[in-house]
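One structure is given below, encoded as structure tokens.
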Amino acid sequence: MDDLARFCCHNPDCRLYGRRNAGNLSVCGRYGKHKQFRQFYCNACRARFSERKGTPLYRCRLPDETAIAVFDHLAEGNGIRQTGRLVGVQPNTVVRLARLAGRHAHDAHEELVAFSPSDLRGPVRREVVFRGQEAKELRSRQPGR
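Numbering (the numbering used here), first residue to last: 2 to 146.
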């Protein structure tokens with residue numbers, strides 16, 4: 002039995018769009034070179050989609066180990082060119098995967114942390130100071146000048 006509780010329908014027109022563990026998904030097939038990926042079917046809207054849809058690895062033609070190595074090197078703080086050299090892929094591939102992973106991380110953060118708790122101290126006040134302007138502002142605040 003496949004665990005489908007963590008998956009949801011990706012069709013924006015579906016009434017169960019984005020709802021996990023809604024009972025509307027079933028496995029309708031497998032695909033890939035070794036049939037390693039599942040294809041899902043939504044009973045509510047009759048859409049079919051990959052289990053990788055919505056992830057940075059969707060339609061990624063690199064082997065999983067290579068793509069994950071790119072993500073690991075980027076997470077360690079390596080640059081684009083350095084990551085490309087270490088993993089053995091083109092810098093454009095590293096940029097593409099980094100953008101996909103960044104978008105996915107942003108969306109996951111928005112979903113998991115929908116509302117942050119209110120701060121009793123009030124809003125954070127930020128002052129932006131440009132180089133050279135700081136000294137001028139400090140001089141104008143001093144009495145006698």
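Even glycine gets a Cβ: it sits at the ideal position worked out from N, Cα and C.
By Cβ distance below 7 Å, which residues in the same chain neighbour residue i in space, the five residues on each side in sequence not counted?
{"i": "residue 96", "result": "81"}
{"i": "residue 88", "result": "67, 70, 71, 74"}
Beta carbon of residue i, beta carbon of residue j: below 7 Å?
{"i": "residue 9", "j": "residue 21", "result": "yes"}
{"i": "residue 74", "j": "residue 84", "result": "yes"}
{"i": "residue 57", "j": "residue 110", "result": "no"}
{"i": "residue 15", "j": "residue 43", "result": "yes"}
{"i": "residue 71", "j": "residue 113", "result": "no"}
Within the continuous beta strand (DSSP E) that includes residue i, where are the two ends?
{"i": "residue 8", "result": "No beta strand (DSSP E) holds residue 8; DSSP gives it neither H nor E."}
{"i": "residue 58", "result": "Unbroken run through residue 58: none, as it is neither H nor E."}
{"i": "residue 15", "result": "It is not in any beta strand (DSSP E) - residue 15 carries neither H nor E in the DSSP assignment."}
Just checking: is the beta-carbon of residue i within a distance shorter than 7 Å of some beta-carbon in chain D?
{"i": "residue 66", "result": "In summary, chain D is missing from the structure at hand, where a single protein chain is found."}
Can you give me the start and stop residues for the alpha helix (DSSP H) that residue i sits inside?
{"i": "residue 103", "result": "92 to 113"}
{"i": "residue 49", "result": "That residue, residue 49, is in no alpha helix (DSSP H); its beta strand (DSSP E) goes 49 to 51."}
{"i": "residue 83", "result": "81 to 88"}
{"i": "residue 75", "result": "65 to 76"}
Less than 8 Å between the CB atoms is what I'm expecting for residue i and residue j, so what's the real figure, rounded?
{"i": "residue 38", "j": "residue 49", "result": "Wrong, their Cβ atoms sit about 13 Å apart, outside the cutoff."}
{"i": "residue 25", "j": "residue 45", "result": "5 Å"}
For residue i, which residues in the same chain have their Cβ closer than 6 Å to its Cβ, ignoring the five residues on either side in sequence?
{"i": "residue 1", "result": "Since the displayed the chain opens at 2 and closes at 146, residue 1 lies outside it and no answer follows."}
Residues in its own chain within less than 8 Å of residue i by CB, not counting five upstream and five downstream?
{"i": "residue 28", "result": "3, 5, 39, 40, 41, 42"}
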